[in-house]
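Student: Here the protein sequences come in this chain order: A and B.
Using the UniProt record's numbering, you'd call the opening residue of the first sequence number 1 and step up by one each time.
Using the UniProt record's numbering, you'd call the opening residue of the second sequence number 1 and step up by one each time.
We put the beta carbon where it would ideally sit given N, CA and C, even for glycine.
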Amino acid sequence: MLPELQHIIPYIQEDKINDVSLTLLLELISNPSIINESSNVDQQILVTRVITLLKSNHSITRWKATKLLTVCLLHPVLLLSSNTANAIAGLVKILESKCFIANYENPTEKELITLKSATECLGFVIEKIRGKPTLTREVLTPKLAGIISSLIDVISLVPEYSLKVLIQLLVFNTTTFRPFGMKFENTLKRILNDGENLNKLSPELRSLIMKSLAYVSFILSREKQSEAWKDNVNNIVLELKSVISIYEACLELSNDSDYIDKFHQLPKLPENLSSMNFIFNTLSIDINESPIEIFKVSQRIEVLTELLLSYIEINSPTAVSIPFGHLILIGQILTSFNTNFTPVKSDIRDISTRNMIEKSVIQSKLSGIKILNSLINKFQFEMYPHIYKILAILDASIPVKTINGKIKVDETGIYENEGLIINILETATEYLKICERFNDMTILGRLVESSLILKEDREPNVPTDKINTSNTNSNSRNKKQSKSKTVVSLSDLLSHKQLFINQPNISTLLTIRKFFNILITKCELSPGKISQIVRFAILDSICNIELINEGKVTNENKEIIELLESILLFPGKSSTSISVIPMISNLIGSNSRIYTLLVNPRFPLLPKKINDYNAELEKEEIEEEERLEEEALHNGTFQIPEFTEKRPVEEIEQEERENKRQKVDNISEKLTTEGNGFVFNEQSESATEALNEMKRELEKEKATGSSLSDKIIESAEVAEDNNMVISEVDAEEDEDDDMGSDFEMPVINVDDD
Amino acid sequence: MDELVFYNARGNPQDKKHSTAFAYLASLHTTKVVHQYRQCPSSPNASVNVSIGHGSHLLVALPERPVLHVYLYGKESPEQIIPLPEILTSLTIYRDSNNNMKGDLLLGGSNSGRLYIWSLNSGLLLSVKQAHYQPLTHITTYSGFIATGSKDSRIVIYTINSLFMNNNENNENEKPYAILTDHTLEITSLTFTKGLNNDIKLISSSLDSTIRIYSLTISAKLITTIVSTNPITSFVCDPAMRAIYIGMNNGNIRYVPLFKINPKNKIIESVGGLGKIITLKPDTELLDTITVHAENHKDVSDIKITCMKLSFDGTLLITGDNLGSLYVIDITTKQIRKKMKDLVGEICNIELWNVKDNEEKLNNTVDKNLMRNIPVLKRSIIEGKDLINQCLTMRLTGDKTINSSDWNFQSFINNVQSEEQIFANFSSVDSTTTTSSGGGVTFNTDSKTITDLKDKISKKDQEYTDLKAKYDELLLAYTASLK
């Protein structure tokens with residue numbers, strides 16, 4: 001029996017509300033029957049009291065009121081009452097007062113929570129009202145202007161929550177929003193502060209701000225929103241182009257014909273740059289004064305990239321024309337920045353400045369990779385004509401060094417730029433995902449190698465030589481002292497080296513596993529590479545044997561198991577001498593569905609046509625059962641053969657004749673993939689059970705001397721006559737007899753050569 | 001759930017205005033006709049719905065003219081008429097295997113044997129291949145493969161890789177993945193089986209009375225040939241690959257099981273494989289034959305099954321013939337479940353779409369922001385410059401921030417509790433400060449007042465000590481006087 005609303009209401013007031021747990025109140029009020037069975041008066045009192053609470057002087061009471069209001073408005077009865085408008089007014093009032101936060105430097109948490117809750121509640125109410133015509137007309141629309149302006153006011157205090165509501169209002173209530181567009185845009189830009197604040201924002205908030213900026217820039221125009229969208233995107237492309245060109249001053253880009261080609265294929269910058277209305281203020285950089293200012297360039301590129309990408313992530317109200325080619329070009333230009341090929345200009349001598357520039361270039365490169373990554377996620381098949389080039393660029397981004405005239409992947413470079421490499425691998429994974437049987441290893445080689453390097457443990461890198469050389473110059477006493485210090489600090493390193501070895505962290509391993517999984521499933525790799533990957537997969541799973549948990553899939557081991565299963569399903573073209581199936585069986589066999597289907601293949605349950613033969617099957621089953629039971633009686637064991645494998649002799653022979661090579665090992669695998677090499681009894685369990693039962697009955701019948709069993713056999717014989725009208729003619733000269741025999745082992749001619 | 005059947009026909013060649021050529025979108029299980037299209041004659045296998053419902057497009061390549069009709073869902077007559085480089089004899093969309101409502105590449109096979117590939121969102125002609133010597137009859141795609149069948153009896157298989165992802169700029173020299181020349185007459189239908197990329201099989205039918213199954217595991221290899229009694233005009237596979245239903249040029253449909261009982265050892269085994277040839281015996285007792293079409297057109301001698309589809313559960317056959325009749329046949333009983341509205345000319349396309357009951361997007365709603373047209377398909381192949389200036393025209397969707405949030409009471413309560421923690425006071429000290437205004441004493445905490453007060457206090461102190469000293473003095477004097 002549920003308590004009635006009138007007993008709950010007394011607690012909904014300022015001095016009583018703290019007597020009851022809020023959770024309890026919320027749960028009670030959320031119950032539809034409590035509300036619906038109460039009188040109309042009580043319902044009104046409830047809402048009115050909640051609204052009164054909204055006006056309280058205490059933050060906690062107001063906060064509780066917002067929560068109560070949310071739950072109240074779950075009920076259509078209460079939502080449709082005239083009080084909803086007052087409730088909205090109450091919420092707006094909380095926002096307008098900003099909870100009396102006077103000090104923006106150090107707002108108190110309680111007030112912030114109250115504001116946040118009020119914003120969320122407002123968003124909830126608006127969402128509930130949206131789409132209901134009368135409610136929208138009578139309640140929401142008159143209040144909308146107030147709601148929007150109050151929400152814009154609290155952006156600086158609770159940006160995440162107010163922006164979520166504002167974006168929805170922007171998209172669904174565009175007309176009412178129009179007068180506030182300018183204010184909204186300025187507020188957002190103030191938060192970004194020309195991108196200086198970008199790194200102070202959480203990724204979620206960043207994307208919200210960027211999306212809001214994108215929406216507000218075109219959705220408010222009265223006509224031709226799609227034109228406005230396109231103009232804005234083109235402007236950002238131009239702005240990015242102008243920022244990128246700054247690097248021309250410090251890198252030897254003029255020698256890079258590829259860069260120059262691509263750069264000039266972007267839309268032309270106007271003669272007079274000041275006529276452009278750029279979103280952000282112009283940069284002023286003087287690397288001679290302070291070299292660190294070069295990072296302003298990469299930061300600006302980052303902001304612009306994020307803004308650009310938010311334009312394609314938002315929903316456009318109409319069809320828009322996306323300058324797809326230019327987006328890809330920008331991504332390619334940024335990603336192909338590589339100080340190995342286009343070094344810092346030689347007239348910049350200061351080493352620290354040179355290093356700063358190189359680091360800044362790497363950051364811009366990350367922005368480029370981000371563009372490429374989100375393009376593939378968004379446009380997939382449209383990327384086909386570009387995949388090759390992009391993968392080549394990604395591959396070329398892996399740091400290399402020349403050893404004895406051979407170009408090799410630079411290990412230290414990879415460890416130093418682990419973040420970059422991980423991003424590259426993730427992006428390459430996305431691109432390979434839409435490929436099938438990708439076989440051009442020339443543009444994957446370094447990617448694979450770098451991932452194989454990243455999976456290794458990292459040994460501590462202590463510059464011992466430097467310490468020694470610096471010591472030789474100092475005087476003897478100092479030398480002694482410092483040596484003893486060094487010895488103390490290094491002694492652990494020498495004696496317990498294993499304690500200093502860093503293992504690749506979990507997210508790195510995750511990326512590598514995903515990358516390998518894609519390589520195995522989507523690419524045709526060389527046998528060497530496959531075995532390297534298989535080796536990694538097996539070793540990795542053995543290291544994480546506890547995590548694997550016998551193949552039971554959890555969130556932590558999902559990728560490991562997926563990789564193992566992919567190895568099962570994609571054994572590769574060439575024959576390997578050792579099969580990994582036993583190992584994988586030991587690792588995940590007991591729980592992996594794919595493994596069990598692979599070693600116990602079965603045919604689909606057949607349609608009705610085959611049911612005609614059930615009687616025949618039954619007869620055969622009965623005989624089989626009898627035989628087995630006799631056996632079981634003798635041996636004390638009972639075994640049912642699951643299936644028998646039948647290998648096509650003629651194909652094996654033919655192939656061997658062709659290849660003159662021994663390929664025994666992989667034949668069974670090949671056949672598995674071709675799917676037609678197996679023959680086995682159709683033994684669905686239920687059928688077996690039914691047959692068992694029938695058999696027992698039969699025996700009973702026999703015992704009683706009834707003629708029913710004869711009848712069954714008779715009907716089975718009738719069914720047998722109803723044969724299939726299919727005959728088989730073998731293409732090969734081999735006779736049909738082979739096909740018929742059960743439990744047959746393949747006759748394999750092993751040539752002596 | 002309901003299934004929608006889209007079907008159209010070739011129309012009457014004499015009817016230049018196509019006034020008799022209709023197409024229908026009708027429910028398979030109810031009597032409802034969801035939508036009707038006019039002026040919709042199509043070449044065989046040359047119509048394709050990009051997706052279904054509100055805002056989707058239907059593309060139809062006309063049989064006699066190099067023209068593509070584009071229909072907007074909800075409108076009966078063509079919304080857009082796009083001129084094509086040639087008459088297209090087959091048309092399909094390369095669909096994402098994860099999302100069959102989405103497709104970005106349009107593939108068309110032409111009268112002269114060329115294969116055209118357009119980007120649907122930009123209209124750019126990405127690639128043209130001289131695949132065949134005669135008109136293409138069917139194009140099918142799956143998981144990176146594109147297979148084309150033609151009247152020249154060949155099947156050509158391309159991979160997406162070879163079409164786009166080549167190193168050199170001009171891709172003229174790229175060879176197809178495989179060219180299959182086993183058939184001796186026109187290819188009538190092609191299908192890829194579903195599954196992992198390395199398990200894919202291609203099934204083809206031809207007027208030479210054979211069905212051929214190729215494995216694409218390592219390279220294209222013929223694994224089974226099924227020889228029928230009559231030329232095969234169409235076929236359809238059971239979704240679970242248990243059987244093939246073949247439509248023949250005598251109006252009969254033959255059921256070919258892909259698993260059978262071995263008469264010698266009574267074990268079920270799969271039919272074919274390893275290059276075997278299966279010859280179907282004439283089915284004189286009609287045990288495996290569905291004769292619905294022939295029975296319904298007894299007076300007509302030349303009757304062919306031109307199109308076939310299987311329903312979602314694999315129990316209903318939807319078959320169309322060259323006389324424009326379309327039947328829904330129950331496979332178990334071999335009886336007609338339903339007869340769809342007749343069309344003029346041979347049935348050329350049947351598509352099946354699964355939809356939810358009363359799906360909102362199937363209703364015609366007015367939306368002025370709808371993308372009515374698709375970009376015009378270009379007639380000349382792209383160059384590097386075109387690719388750089390490529391503009392995609394599409395409506396962007398998928399922003400999660402403006403989708404209505406999934407409100408759930410339990411997570412709301414959890415959120416409330418975590419927020420309440422901030423208001424809670426877990427220590428035993430109640431340090432609530434009550435500020436009362438009005439009646440209470442007000443303090444002026446100016447530094448000046450404080451110094452003033454301090455001065456006052458020190459003065460008073462001084463006075464007090466003076467007074468005390470005087471008092472002591474007097475007390476001393478008094479006690480002295482007493483003595």
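(1) Have a look at A/LEU569 and A/ILE424 and give me their C-alpha separation to the nearest angstrom.
(2) For B/PRO257, list the residues DSSP reports as bridge partners.
(3) For the beta strand (DSSP E) containing A/LYS408, list its first residue and its last residue.
(4) If you pair each beta-carbon of the segment 359 to 376 of chain A with each one of the segment 328 to 344 of chain A, do three or more pairs fall below 8 Å?
(5) Should A/SER474 go down as buried or exposed, given a rule of 16 or more other Cβ atoms within 10 Å for buried?
(6) Please return the same chain residues whose Cβ sits closer than 6 Å to the Cβ of A/ILE443, not counting the five positions on each side in sequence.
(7) Is B/SER228 near B/MET241, with beta carbons less than 8 Å apart?
(8) Does any residue of chain A have a CB that is nearer than 8 Å to the CB of B/ASP96?
(9) CA-CA distance, B/TYR471 and B/LYS456?
(10) Note down, in chain order, every chain B residue with its Cβ under 7 Å from the Cβ of A/GLN332.
(11) So, does the segment 296 to 304 of chain B touch the segment 7 to 18 of chain B, judging by three or more C-beta pairs under 8 Å?
(12) Can you give me the start and stop residues for the beta strand (DSSP E) that B/THR159 sits inside?
(13) Measuring alpha carbon to alpha carbon, tell me which of A/PHE500, A/SER33, A/ALA87 ends up nearest A/THR48.
(14) Tell me, to the nearest whole angstrom, how far the beta carbon of A/PRO504 is from that of A/LEU432; I am working on the premise that it is less than 8 Å.
(15) Measuring alpha carbon to alpha carbon, tell me which residue in A/TYR247, A/SER585, A/LEU519 is nearest A/ILE542.
(16) Considering just the uninterrupted stretch of the beta strand (DSSP E) at B/THR284, what are its terminal residues?
(17) Of the residues A/PHE438, A/ILE45, A/LYS408, which one's Cα is nearest the Cα of B/GLY144?
(18) Helix, strand or coil: how does DSSP classify A/ASN186 here?
(19) In the structure shown, what three-state DSSP assignment does A/ARG627 receive?
(20) Determine the DSSP secondary structure at B/GLN130, reduced to helix, strand or coil.
(21) Select from A/ASN193, A/LYS164, A/ARG535 the residue whose C-alpha is nearest the C-alpha of A/ILE279.
(22) So, at 8 Å on beta carbons, what are the nonlocal neighbours of A/GLU411 in its own chain, with the 5 sequence-adjacent residues on each side left out?
(23) Taking any Cβ of chain B, which residues in the segment 155 to 167 of chain A have a Cβ under 8 Å from it, in chain order?
(24) Taking buried to mean at least 16 other C-beta atoms within 10 Å of its own C-beta, is B/ARG95 buried or exposed?
(25) For the candidate residues B/THR30, B/ASP152, B/ASN45, whose alpha-carbon lies nearest to that of B/ILE139?
(26) For residue 484 of chain B, return the contacting residues in chain A, with the cut-off set at a CB-CB distance below 7 Å.
(27) Quick check: what's the CA-CA separation for A/GLN498 versus A/SER491?
(28) Are the Cβ atoms of B/GLU86 and B/SER110 separated by less than 8 Å?
(29) Name the DSSP beta bridge partners of B/MET248, please?
(30) What three-state label does DSSP hand B/ASP104 in the structure shown?
(31) Just mark A/PRO527 as buried or exposed, buried being the case when its beta carbon has 16 or more other beta carbons within 10 Å.
(32) Over the uninterrupted beta strand (DSSP E) stretch that includes B/GLY149, give me the two end residues.
(33) In this structure, does DSSP put A/GLN498 in helix, strand or coil?
(34) What in chain B is Cβ-close to A/CYS435, meaning under 8 Å?
(35) A/ILE263 to A/THR305, Cα distance in whole Å?
(36) Could you give the uninterrupted runs of the alpha helix (DSSP H) lying entirely in the segment 267 to 314 of chain A, keeping only those of 4 residues or more?
Tutor: Looking at the atomic coordinates:
(1) Spanning the two alpha carbons is a distance of roughly 26 Å.
(2) Answer is B/ALA243, bridged to B/PRO257.
(3) Segment 406 to 409, the beta strand (DSSP E) holding A/LYS408.
(4) With the cut-off at 8 Å, the segment 359 to 376 of chain A and the segment 328 to 344 of chain A touch.
(5) With a pLDDT of 46 at A/SER474, under the threshold of 50, the predicted position of this residue should be treated as unreliable, and no value is reported.
(6) Counting only Cβ-Cβ distances below 6 Å, and skipping sequence neighbours, we find LEU391, ALA392, ASP395.
(7) Against a cut-off of 8 Å, the Cβ pair of B/MET241 and B/SER228 comes out as no contact.
(8) Taking Cβ atoms only, chain A reaches closer than 8 Å to B/ASP96, which makes this a yes.
(9) Straight through space, the alpha carbons of B/LYS456 and B/TYR471 are spaced by roughly 22 Å.
(10) Going along chain B, no residue has its Cβ under 7 Å from A/GLN332, so there is no contact; the nearest lies around 10 Å.
(11) Below 8 Å, too few C-beta pairs join the segment 296 to 304 of chain B and the segment 7 to 18 of chain B to call them touching: fewer than three.
(12) Annotation: the continuous beta strand (DSSP E) that includes B/THR159 extends over 155 to 159.
(13) Relative to the Cα of A/THR48, the nearest Cα in the group A/PHE500, A/SER33, A/ALA87 belongs to A/ALA87.
(14) Separation of the CB atoms of A/PRO504 and A/LEU432 is rounded to 21 Å, and the pair is thereby denied contact status at 8 Å.
(15) Checking every option, the nearest Cα to that of A/ILE542 belongs to A/SER585.
(16) B/THR284 -> no beta strand (DSSP E), and no H or E assigned at all.
(17) If we check each option's Cα against that of B/GLY144, A/PHE438 comes out closest.
(18) The three-state secondary structure of A/ASN186, taken from DSSP, is helix.
(19) Note: A/ARG627 maps to helix in three-state DSSP.
(20) The answer is strand: DSSP assigns B/GLN130 an E or B state.
(21) Nearest of A/ASN193, A/LYS164, A/ARG535 to A/ILE279, Cα basis: A/ASN193.
(22) Contacts found: ILE453.
(23) If the cut-off is 8 Å between Cβ atoms, the segment 155 to 167 of chain A has LYS164, ILE167 near chain B.
(24) Buried, because 16 or more other Cβ atoms sit within 10 Å of the Cβ of B/ARG95.
(25) Checked all of B/THR30, B/ASP152, B/ASN45; the closest Cα to B/ILE139 is B/ASN45.
(26) Residue 484 of chain B lies beyond the residue range present for chain B, which begins at 1 and ends at 483; the question has no answer from this structure.
(27) Going from the Cα of A/GLN498 to the Cα of A/SER491 covers about 13 Å.
(28) A contact, by the Cβ cut-off of 8 Å.
(29) As DSSP reads the structure, B/MET248 sits in a beta bridge with B/ILE232.
(30) In the three-state DSSP reduction, B/ASP104 falls in the strand class (E or B).
(31) It counts as exposed.
(32) Its beta strand (DSSP E) spans residues 145 to 150.
(33) Helix, per DSSP.
(34) What A/CYS435 touches in chain B: GLY144, ILE160, ASN161, MET165.
(35) The sequence as given places Phe at residue 263 of chain A; Ile does not occur at that position. Looking at the two C-alpha atoms, the distance is approximately 16 Å.
(36) Within the segment 267 to 314 of chain A, the runs of alpha helix (DSSP H) at least 4 residues long that lie entirely inside it are, in chain order, 295 to 313.
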